[in-house]
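Undergrad:
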Amino acid sequence: MINRKYIAERVVGFAYPAFVVLSPTLPYYGEIEKAVKELGLKPEGDIATAAEIVDKVLSDIAEKMPKVCGDGYKLYKGEDGFWYFQAPGQEPEKITINIATWWESYVYHCGAMRYLGEELKKLGFDSKVSCTHARKLRDSKDWRYMHWHIYTYRRRISEDLLRMWFIDGMYWTYSSAALPIQIREQLKKMGDTLQPEIDKAIEELSKAKTLDELIAKEREVVKLVLKQSVVVAYVNPLISVIVSKRAHDVVTGWASMMNNPWISRLSKTTSGELRVGFYSSQMNLLTALNPRLAMHTVARATLMWPVVDVAVFPNPYTGELAPLRVAWSVERAKLSEKALFYDPYSYKWITVKDAIAKKLLNATRIEGERVVKIVYNYYLGKWHHGRDIKLSDVLLWLTWALDWRYNATEKEPWYFTDRGEHPMAPEPKALKCIYGIEIINKTALALYTSKECVGIEADDLVAEKFVGMINTWGPRTLWPWFPPELMLAIGYLKINGGPVTGRQYILRGTETENTKILDLLESKSVEDLKAALEKIASGEYEPPFVKAVEELVKAYPFIGSLDVKEGAKKLIDFANKYGHLLVSQGPFILSEFKPDRIVYTRFADYEKARSYESLVNLLRASTIELVEAKPVKPMIVAGEKGEISVVLNEKIVFPEEEAGVKPAEKAYVIARILKGGAEIARAIGKKVASGKWSIELPPEVTGKLEPGTYTVEILYGISPEAPLKKVTTTITILPPPTTIVKTATKPVTVTTPVVVTSPGATQIQTQILTKTIVTTKTVEKPVPTTITVTETNYTLAIVLGIVLL
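For the sequence shown, position 228 (counting from the first letter as 1) is numbered 211 according to this note's numbering, and the numbering increases by one without interruption.
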């Protein structure tokens, strides 16, 4: 039993104490046991000593209970060896420790806690283990009432060790705001004085000015938390650093950080080895790996990046999607009736016309949508076990995924009852939005979908939905991460169980005594997979959707024959050689996997898909730097054209040998006119010379603006898809020209003959008349004003994190 007060008072070292229980069923437990013994320690607890301590403490409580609580309260050890508590007028109740933990797909918590539960029985306590999202149980229980509870969970501090992760992790773990209301209320009833101290100590974290000061303050928080004894938690810090000397082209840009494929594909060292130091609790490294769990935790991503090529991933310098193994183009199109659609009920690829007739597609709805045709071009290469990757593999992966999605019923002989176990389960739109496909050639196929169905407007992101992994860290429908024959073997185990071990398998969820999460790195799972692969190689196991693809091969022979039988034999050889079945198509093969040492060996045939030079060219990157941004005219009259001049430089950042600065040749520049923070107009800039862009504000835009001062936000970057930097300026719109009338009076002499008639005489006289002529002149008078430009500078933090090689 843990003396928390002692730990709280004496704990030294790193800020986070870690209470870790390891079950002997944990993979590689033998390696851990060996290391512990080499340190002169015992890997297992001393049950006899622990039982003696427990009996002594509880016997002392039992003796004092009547005096403290009153008559009728009893604490005693029964004949069955368990401790019981009895309140007046109630039946005796066995003391039970409820253990709530995370399910097995995260770390090996569940198995460890079941093991702990069995050990606790040896001390006289019953136990109940709930392997689910523990927070649900925590939030619904009053922990201080009648039961003892152990709640385990992890708070992972990000590998970049940013201050915000430290502070956020502490706040949402230990502050009053993070505790369920039941616990807060119970603490008040108990007269707890520690929670206010904890809250105050957490507030002090943000005042730390150095990392050492931050850790010191966090240590005080942890001590207070341990004294309070409400939560037992452990935090797994992840720290990675390259320890190789003279490492070059280590690509860790702001858009990708540690979780990116580029580090293991482009880094260079003089020795040819990249050595990475990685610190973490071993629980982070020994998590189960399978197609459903994929890269859904940082630990799995860390292990899989060197092994698995994803189809696309952002350029870490620009944020643009880079085609690592699949390129694409997108255009508006009408859904072709000749396109192919998979019928999961007849296990055949049929035409879209037939699918509509069978009501597998809703033609009326689709006609009202913006349908697009995406053409995917593949860099195919080879699988790690030596077989060529063919377009037929892509089609079998797609067919398998579609069949699994539709046939999730118990009546279906190939069923998978939990659709949540589907590798594409987190992104169901990647399956249901496939309206049809076209096979173009041996390396290309087309997909029909709609923007309404996927819920995305940008063309590139629509294409990414079916091959990439930007929003879901797992495989997608049109780019296989694992060989189809391996997926078939996994399917066999899911349906029929393990031929060797007799286990039942799941891909995620809660393990039981005989139901285990399939793990491509675990020896017993591998033995069962090998047995399933033998059935595939012999032809004994061939699901009907495989035959559907065989029919496609007959109709389109250029896509390549299905080699799953031969591939199954090669997978068995691979398993015998390496001891695991983490088989993919990336640049490295996992050749050694131990808790303290992980080794990846270069996959020689990777160059057939992607050469080093092609990846350098793919990632050749620059950033755009602002030199100047200012209005050409300091004042703009409403209804007249305005212009803003922007001068940009291109800073070459990759590869390192070409680094330098020059006038930009490519950039995206846009101006947004704001009033009160709201956009009221925008204009896109045009390149007028190397490094120079002009943003025109046309008369129809300025003419609609009321006189006054406006903020103009100028956004610039390498492309519209990349995150943009900004600079702000203000412009003043003048009123339209005002008509000013000046009046001048000038006498003009006009001679007009006048005839005067009088009786009895005839006389002609000349009369001088004066007229006033008014002349006007229009004068345009400008209103003087000033204009100021404010540049907003942003600090960009480059966080370096490295995958294990």
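Every residue, glycine too, gets a C-beta built ideally from N, C-alpha and C.
Please read these numbers as outputs of a predicted model, since none were measured by experiment.
Considering only the alpha carbon of each residue, which of Gly550, Trp456, Thr498 lies closest to threonine 484?
TA: Nearest C-alpha to threonine 484: Thr498.
Undergrad: Are the CB atoms of leucine 41 and methionine 48 within a distance shorter than 7 Å?
TA: Their beta carbons are not under 7 Å apart, which means methionine 48 does not touch leucine 41 by this criterion.
Undergrad: Closest to glycine 351 by C-alpha separation, out of Leu381, Ala316, Ser329, Pro327, would be which residue?
TA: Selected option, being the one with the closest Cα: Ala316.
Undergrad: Is DSSP giving asparagine 600 helix, strand or coil here?
TA: Helix.
Undergrad: Residues in the same chain with beta-carbon distance under 8 Å from lysine 616, minus the five sequence neighbours each way, listed in chain order, please.
TA: So the list reads Gly625, Glu626, once near-sequence residues are dropped.
Undergrad: What ranges does the alpha helix (DSSP H) occupy inside the segment 492 to 532, keeping only unbroken runs of at least 4 residues that lie completely in it?
TA: List check, alpha helix (DSSP H) in window: 506 to 520.
Undergrad: What does the Cβ neighbour count give for cysteine 93, buried or exposed, with the cut at 16 atoms within 10 Å?
TA: Per the 10 Å Cβ criterion, buried.
Undergrad: Can you tell me whether lysine 764 is helix, strand or coil according to DSSP?
TA: Legend: pLDDT at lysine 764 = 34, less than 50; position of this residue unreliable, no value from coordinates given.
Undergrad: Applying the criterion that 16 or more other CB atoms from any shown protein chain within 10 Å of the CB defines a buried residue, is valine 354 buried or exposed?
TA: Buried.
Undergrad: So what does DSSP say about phenylalanine 541, is it helix, strand or coil?
TA: DSSP places phenylalanine 541 in helix when its eight states are reduced to three.
Undergrad: Return helix, strand or coil for alanine 441, following the three-state DSSP convention.
TA: Coil, per DSSP.
Undergrad: Excluding five sequence neighbours on each side, which residues of the same chain lie with their C-beta closer than 7 Å to the C-beta of glutamine 487?
TA: Excluding positions up to five away in sequence, the list reads Gly480, Asn497, Thr498.
Undergrad: Could you give the distance in angstroms between the alpha-carbon of valine 51 and the alpha-carbon of alanine 45?
TA: One C-alpha to the other measures close to 10 Å.
Undergrad: Which same chain residues, not among the five before or five after glutamate 102, have their C-beta less than 8 Å away from its C-beta?
TA: If we look at glutamate 102 and ignore the five residues flanking it on each side, its Cβ neighbours are Gly28, Ile30.
Undergrad: Please report the distance separating the alpha-carbon of leucine 573 from that of isoleucine 423.
TA: Roughly 35 Å separates the two Cα atoms.
Undergrad: Taking Cβ to Cβ, would you say lysine 825 is nearer than 7 Å to threonine 606?
TA: Residue 825 is absent from the model: the chain starts at -16 and stops at 788.
Undergrad: Where do the N-terminal and C-terminal ends of the beta strand (DSSP E) with threonine 715 fall, by residue?
TA: Note, threonine 715: beta strand (DSSP E), 708 to 717.
Undergrad: Which term fits proline 646, buried or exposed, when burial requires 16 or more other beta carbons within 10 angstroms of its beta carbon?
TA: The residue in question, proline 646, is exposed, as its Cβ has fewer than 16 Cβ neighbours within 10 Å.
Undergrad: What would DSSP say about glutamine 487, mapped onto helix, strand or coil?
TA: The answer is strand: DSSP assigns glutamine 487 an E or B state.
Undergrad: Taking the beta carbon of proline 767 as the centre, do at least 16 other beta carbons fall within 10 Å, making it buried, or is it exposed?
TA: Note that proline 767 scores a pLDDT of 27, beneath 50, so its modelled location is shaky; the value from the coordinates is reported in the next line. Proline 767 is exposed by the Cβ-count criterion.
Undergrad: Rounded to whole angstroms, what's the CA-CA distance from threonine 728 to valine 620? Just pull it up for me.
TA: Residue confidence for threonine 728 is low, a pLDDT of 49 falling below 50, so the modelled location carries little weight and cannot support an answer.
Undergrad: Is the beta carbon of phenylalanine 576 closer than 7 Å to that of phenylalanine 586?
TA: Result no, Cβ atoms of phenylalanine 586 and phenylalanine 576 do not sit closer than 7 Å.
Undergrad: Can you round the beta-carbon distance between phenylalanine 816 and tyrosine 330 to whole angstroms, since I take them to be within the 8 Å contact cut?
TA: The chain is shown only over -16 to 788; residue 816 falls outside these bounds and no answer can be derived.
Undergrad: For the structure I just gave you, are there three or more beta carbon pairs, one from the segment 424 to 441 and one from the segment 524 to 538, closer than 8 Å?
TA: No contact exists between the segment 424 to 441 and the segment 524 to 538.
Undergrad: Helix, strand or coil: how does DSSP classify tryptophan 387 here?
TA: It is helical.
Undergrad: Anyone know if the C-beta pair for leucine 554 and leucine 503 falls short of 7 Å?
TA: No; because the gap between Cβ atoms is not below 7 Å, this pair is not in contact.
Undergrad: Are aspartate 546 and arginine 370 closer than 7 Å when you measure CB to CB?
TA: Against a cut-off of 7 Å, the Cβ pair of arginine 370 and aspartate 546 comes out as a contact.
Undergrad: Is threonine 606 helix, strand or coil by DSSP?
TA: Strand, per DSSP.
Undergrad: Determine which residues share a DSSP beta bridge with isoleucine 678 and list them.
TA: DSSP, once it has assigned bridges, lists Ile627 as partnering isoleucine 678.
Undergrad: Looking at threonine 711 and the ligand NAP, is the gap between the Cβ and the nearest heavy atom below 6 Å?
TA: Although the ligand NAP was asked about, the structure shown includes no ligands whatsoever.
Undergrad: Please report how far the alpha carbon of tryptophan 387 lies from the alpha carbon of proline 467, in whole angstroms.
TA: One C-alpha to the other measures close to 13 Å.
Undergrad: Tell whether a beta-carbon distance below 7 Å holds between valine 313 and valine 450.
TA: Their beta carbons are not under 7 Å apart, which means valine 313 does not touch valine 450 by this criterion.
Undergrad: Across which residues does DSSP place aspartate 840 in a beta bridge pair?
TA: What the structure shows of the chain is the stretch from -16 to 788, and residue 840 is not part of that stretch, so it cannot be assessed.
Undergrad: Out of curiosity, what's the CA-to-CA distance linking threonine 755 and proline 690?
TA: In this prediction, threonine 755 has a pLDDT of 37, which is less than 50 and means its spatial position is unreliable; what the coordinates show is noted afterwards. Each residue's Cα considered, the two are about 40 Å apart.
Undergrad: Throw me the rounded Cβ distance for the alanine 322 and glutamate 435 pair, which I believe falls under 8 Å.
TA: Rounded, the Cβ-Cβ distance is 18 Å, inconsistent with contact.
Undergrad: Would you give the residue range spanned by the alpha helix (DSSP H) that alanine 661 belongs to?
TA: Careful: alanine 661 lies outside any alpha helix (DSSP H), inside the beta strand (DSSP E) at 661 to 667.
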